[in-house]
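Novice: Here it is: the structure, laid out below.
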Amino acid sequence: MNNFDKMQRRLAAGETILMDGGMGSEIERRGFISPTTWSGGPMLTHPELVRDIHQEYIEAGAEIIITNTFGTGRDMLEVGGIEHRVDEANRNGIEASVQARRNAGAEDSVVIAASISTMRPKAHAEVPVPYENALDTYREQLAELAKGGADVVVGEMLIRISDALAVVDAASEFGLPAWVGLSTVRDGDELYLGIENRHGGESLQDAMDAIADKDIASVFVMHTPVDEVAPGLEIVRKSRTGTFGAYAHFARPEDPATARTVLDPQQYLAYAKGWHRQGARIIGGCCGTTPAHIRALGEWLRGD
Numbered sequence: 262m263n264n265f266d267k268m269q270r271r272l273a274a275g276e277t278i279l280m281d282g283g284m285g286s287e288i289e290r291r292g293f294i295s296p297t298t299w300s301g302g303p304m305l306t307h308p309e310l311v312r313d314i315h316q317e318y319i320e321a322g323a324e325i326i327i328t329n330t331f332g333t334g335r336d337m338l339e340v341g342g343i344e345h346r347v348d349e350a351n352r353n354g355i356e357a358s359v360q361a362r363r364n365a366g367a368e369d370s371v372v373i374a375a376s377i378s379t380m381r382p383k384a385h386a387e388v389p390v391p392y393e394n395a396l397d398t399y400r401e402q403l404a405e406l407a408k409g410g411a412d413v414v415v416g417e418m419l420i421r422i423s424d425a426l427a428v429v430d431a432a433s434e435f436g437l438p439a440w441v442g443l444s445t446v447r448d449g450d451e452l453y454l455g456i457e458n459r460h461g462g463e464s465l466q467d468a469m470d471a472i473a474d475k476d477i478a479s480v481f482v483m484h485t486p487v488d489e490v491a492p493g494l495e496i497v498r499k500s501r502t503g504t505f506g507a508y509a510h511f512a513r514p515e516d517p518a519t520a521r522t523v524l525d526p527q528q529y530l531a532y533a534k535g536w537h538r539q540g541a542r543i544i545g546g547c548c549g550t551t552p553a554h555i556r557a558l559g560e561w562l563r564g565d
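If you count the sequence shown from 1, position 294 lands on 555 in our numbering, and the numbers rise without skipping.
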């Protein structure tokens, strides 16, 4: 039985699985972020740093690590003029994760989730990006990530329904299970797919309705401010019978100067306990969270 199937069995038994925390903000905290390609550039310049951060998260208790490939799609790398190295960046991304898992002695337990995204063209959520464009980006990333040993695909910071559909279809083409990570913003009384108070008019409920009949192993509310996660989870919970989870942020990758810890581990844990009460069974952290935050979550889950 592979690691993903082992995890699925535990989830079916009611267990909660701990995911890792922020990667881009952690690279930034250590002084190596790229001003143009965010976390994508370091996958080419400092892959050993990424490997070490992955290992720190595993040692802090994470049972899922997400490849540092959120920013290694062609569109994102193009901003820095390095799109010709897209295969290398994604290959380095999966290799860093696999090496970290091996170094931590967790080859038979830790799940590696391959992150795919079309972040740059979605920086303005109101600008339509065709489904086929997203699908092509995901295919290109997964050609390396799947071959390198990813256990599951996670689409991150998805702010269009077409994004989510493309993630599921791309994962299926490579024979991998799919996770869908939705980012939300509030506008009046409604939660929309979007980032930084921008959205394209598609509500979270619209998204849940659109993916209801898709083969999705888990849905996440992610890259969403901590105080907005609970309302989103409530919509997900009411719309879905399967597993769902959360990993929130409190630092903005759009402005690296703010990529600093503003919630200590116990403060973040207080939010996570609420998500758990709502039924979230995969919990981790996004931008701003560190290995210390994940360690606090792990100690709570273990009852330490």
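We put the CB at the ideal spot given by N, CA and C, even for glycine.
State the CB to CB distance for the pair V415 and A375, rounded to an integer number of angstroms; the pair is presumed to be in contact (CB under 8 Å).
Specialist: Yes, they are in contact, since the Cβ atoms of V415 and A375 sit about 7 Å apart, within 8 Å.
Novice: Pick out whichever of I355, M337 and F481 has its Cα sitting closest to the Cα of A509.
Specialist: Selected option, being the one with the closest Cα: F481.
Novice: Find the nearest neighbour of A491 within the set F293, R362, D397 and Q539, judged by alpha-carbon distance.
Specialist: Looking at the Cα atoms, Q539 is the closest of the given residues.
Novice: In chain order, what are the residue ranges of uninterrupted beta strand (DSSP E) at least 3 long that sit wholly in the segment 274 to 332?
Specialist: Here the runs fully enclosed are 325 to 327.
Novice: Over the uninterrupted alpha helix (DSSP H) stretch that includes R498, give me the two end residues.
Specialist: Where R498 is concerned, the enclosing alpha helix (DSSP H) stretches over V487 to S500.
Novice: Alpha carbons only, please: which of L437, V390 and A407 is nearest the one belonging to I422?
Specialist: If we check each option's Cα against that of I422, V390 comes out closest.
Novice: Exposed or buried, N264, counting other C-beta atoms within 10 Å across all chains shown (16 or more means buried)?
Specialist: When all chains shown are included, N264 counts as buried.
Novice: Name, in chain order, the residues that DSSP records as bridge partners for M483.
Specialist: Beta-bridge pairing links M483 to Y508.
Novice: Jot down the residue ranges of each uninterrupted beta strand (DSSP E) in the segment 382 to 442, minimum 3 residues, whole runs only, in chain order.
Specialist: Runs of the beta strand (DSSP E) inside the segment 382 to 442: 413 to 419.
Novice: Tell me whether R542 sits in a helix, a strand or coil according to DSSP, three-state version.
Specialist: DSSP places R542 in coil when its eight states are reduced to three.
Novice: Using the Cβ count rule (16 or more neighbours within 10 Å means buried), how would you classify Q402?
Specialist: That one is buried.
Novice: Under three-state DSSP, which class holds A375?
Specialist: If DSSP states are grouped into helix, strand and coil, A375 belongs with the strands.
Novice: Suppose the cutoff is 7 Å on Cβ atoms and the five residues either side in sequence are ignored; what does the same chain contact list for F435 look like?
Specialist: The residues are L403 and A407.
Novice: So if DSSP puts G455 in a beta bridge, which residue, or which two residues, is it bridged to?
Specialist: DSSP, once it has assigned bridges, lists H460 as partnering G455.
Novice: Among the residues of its own chain, which have a CB less than 6 Å from the CB of V311, if the five just before and after it don't count?
Specialist: These residues qualify, in order along the chain: N329 and A357.
Novice: Between which two residues does the alpha helix (DSSP H) harbouring V347 extend?
Specialist: Segment V347 to N364, the alpha helix (DSSP H) holding V347.
Novice: Across which residues does DSSP place T445 in a beta bridge pair?
Specialist: Answer by DSSP bridge pairing, in chain order: L454.
Novice: Taking all protein chains shown into account, do 16 or more other C-beta atoms lie within 10 angstroms of the C-beta of A473, making it buried, or fewer, making it exposed?
Specialist: Per the 10 Å Cβ criterion, exposed.
Novice: Consult DSSP for M262 and reduce its assignment to one of helix, strand or coil.
Specialist: Coil.
Novice: So, is the C-beta of I314 closer than 8 Å to a C-beta in chain D?
Specialist: The structure shown contains no chain D; it holds only a single protein chain.
Novice: Within a Cβ cutoff of 7 Å, which residues of the same chain sit near N353, ignoring the five residues on either side of it in sequence?
Specialist: Closer than 7 Å at Cβ, skipping near neighbours: M304, L305 and P308.
Novice: So what's E368 in DSSP terms, helix, strand or just coil?
Specialist: Coil, per DSSP.
Novice: Which of the three DSSP states is assigned to T519 in this structure?
Specialist: Below a pLDDT of 50, predicted positions are generally treated as unreliable, and T519, at 47, falls in that range; no measurement from the model is reported.
Novice: Would I420 and S479 qualify as a contact pair, given that the criterion is a beta-carbon distance under 8 Å?
Specialist: Cβ atoms of I420 and S479: not closer than 8 Å.
Novice: If I follow the unbroken alpha helix (DSSP H) through M337, where does it start and stop?
Specialist: R335 to V340 is the span of the alpha helix (DSSP H), which, as asked, contains M337.
Novice: Can the beta-carbon of E287 be found less than 8 Å from the beta-carbon of N351?
Specialist: Contact: no.
Novice: Please confirm whether E317 and P552 have their CB atoms less than 8 Å apart.
Specialist: Closer than 8 Å, so yes.
Novice: If I follow the unbroken alpha helix (DSSP H) through E560, where does it start and stop?
Specialist: Looking at the DSSP string, the run of the alpha helix (DSSP H) that includes E560 is P552 to R563.
Novice: So the alpha helix (DSSP H) L465 belongs to, where does it begin and stop?
Specialist: That run of the alpha helix (DSSP H) goes L465 to A471.
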